[in-house]
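To convert, count from 1 in the sequence shown and add 73; that's the working numbering.
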Amino acid sequence: MQLETLRQLVVDTLTDMKARDIEVMDVRGKTAITDYMIVASGTSDRHVKAIAETLAFRSKEAGEIPLGLEGVAEGEWALVDLNGVVVHVMLPKVRDFYNLERLWSAPAAVPKAAARPL
Numbered sequence: 074m075q076l077e078t079l080r081q082l083v084v085d086t087l088t089d090m091k092a093r094d095i096e097v098m099d100v101r102g103k104t105a106i107t108d109y110m111i112v113a114s115g116t117s118d119r120h121v122k123a124i125a126e127t128l129a130f131r132s133k134e135a136g137e138i139p140l141g142l143e144g145v146a147e148g149e150w151a152l153v154d155l156n157g158v159v160v161h162v163m164l165p166k167v168r169d170f171y172n173l174e175r176l177w178s179a180p181a182a183v184p185k186a187a188a189r190p191l
């Protein structure tokens with residue numbers, strides 16, 4: 074599946090499942106793990122679980138088998154790894170605590186050689 078199509082499938086599924094505060098971050102050049110990091114909030118642990126499971130199901134239907142599905146049993150923070158797109162679905166209190174948007178929007182580190190004073 075094309076990366077942009079997969080990203081749109083994720084966003085559409087999150088929207089259909091009434092996820093809140095959907096944030097799509099392009100992390101290419103910041104990590105080799107994935108191209109897009111998507112963060113969304115669920116309203117309860119059951120909602121987080123349902124969103125993650127539906128996302129995994131719909132991606133499988135579309136031919137993109139998830140590489141991993143973590144945290145679904147607890148429901149506070151679920152991660153769906155679709156290779157080119159990694160999705161974090163969290164309860165608002167967990168999302169506020171970890172603040173992934175701030176972490177992944179930080180500028181890239183300056184190489185040590187460039188950081189030395191002249």
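Heads up, the beta-carbon is just placed ideally off N, CA and C, and yes, glycines get one too.
Remember, it's a predicted structure, so these values are computed and weren't measured experimentally.
For residue i, the first and last residue of its enclosing alpha helix (DSSP H)
| i | result |
| --- | --- |
| L87 | 76-89 |
| R101 | Element bounds for R101: n/a, residue is neither H nor E. |
Enclosing beta strand (DSSP E) for residue i [first to last residue]
| i | result |
| --- | --- |
| S114 | 109-114 |
| A151 | 150-154 |
| L142 | 141-143 |
Supposed contact pair residue j and residue i - C-beta distance, whole angstroms, cut 8 Å
| i | j | result |
| --- | --- | --- |
| E149 | M163 | 7 Å |
| V100 | R80 | Actually they do not touch by this definition, with Cβ atoms about 12 Å apart. |
Buried or exposed by the 16-neighbour rule on C-beta atoms within 10 Å, applied to residue i
| i | result |
| --- | --- |
| I124 | buried |
| I106 | exposed |
| G137 | With the sequence shown as reference, residue 137 is identified as Glu, and Gly is not the correct amino acid for it. The residue in question, E137, is buried, as its Cβ has 16 or more Cβ neighbours within 10 Å. |
| G194 | The requested residue 194 is not part of the displayed model; the chain covers only 74 to 191. |
C-beta atoms of residue i and residue j nearer than 8 Å
| i | j | result |
| --- | --- | --- |
| L140 | L128 | no |
| A113 | D89 | no |
Residue i versus the options, residue with shortest Cα-Cα distance
| i | options | result |
| --- | --- | --- |
| V121 | N172, W177, K91 | K91 |
| S117 | M110, V145, R131, T104 | V145 |
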